[in-house]
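First residue of the sequence shown? That's 259 in our numbering, and the numbers climb one at a time after it. Below you'll find the structure, written out as structure tokens, and then a few comments.
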Amino acid sequence: LLAVATAALAVVPAAIASPTVRLTIMHVLRGCHAWGTADSQPLGPTRTLAVVHGTKLTIRVSCPMGFDMVQTAGPPLALASPWQTGTTHTLVFAKKGVYIFRGTNLVSSVDAGLQTLGPDNVLVLNVRVR
Numbered sequence: 259l260l261a262v263a264t265a266a267l268a269v270v271p272a273a274i275a276s277p278t279v280r281l282t283i284m285h286v287l288r289g290c291h292a293w294g295t296a297d298s299q300p301l302g303p304t305r306t307l308a309v310v311h312g313t314k315l316t317i318r319v320s321c322p323m324g325f326d327m328v329q330t331a332g333p334p335l336a337l338a339s340p341w342q343t344g345t346t347h348t349l350v351f352a353k354k355g356v357y358i359f360r361g362t363n364l365v366s367s368v369d370a371g372l373q374t375l376g377p378d379n380v381l382v383l384n385v386r387v388r
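Rendered as structure tokens:
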């Protein structure tokens, strides 16, 4: 019993210390949407992150359209889709590997009545977990 309690306490600090990375899906004029920082600085339609296992990634959808988000590589994660405006999604990377996610808008910027330049971006997120 003492060994189990000790092991449980050893796991708790690691879980508490797990880093959290925050991104947004934001509206931009060229391409309609892009990845952005938590304070809405645009990062472009393709982003690569390098994180340690146990990292939590929270993504807030602030673009005024919904997205079909799919995982195309890596250990499978529970990924609800579609992602709607105003929602936040949390992914936890418990296993090492390369994860790739692809997000496409459910309706075009033209159909949504948004003014943009050029074709709508397809969002790609690559996450390397070591």
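Built from N, CA and C at the ideal position, the CB exists for glycine as well.
Taking 3 residues as the minimum length, the beta strand (DSSP E) runs contained wholly in the region 290-337 are 290-295, 300-302, 304-309, 313-319 and 325-331, in order along the chain.
DSSP places Gly-361 within a strand segment (E or B) once states are collapsed to three. A contact between stretches requires three or more CB pairs, one per stretch, nearer than 8 Å, and the region 348-360 fails this requirement with the region 289-300.
Pairing Pro-322 with Asn-363, the inter-Cα distance amounts to about 10 Å. Across the structure, Gly-312 and Pro-340 are spaced so that their CA atoms are roughly 25 Å apart. The continuous stretches of beta strand (DSSP E) do not include Asn-379, and DSSP gives it neither H nor E. Within the DSSP bridge table, the entry for Thr-346 names Arg-318 as partners.
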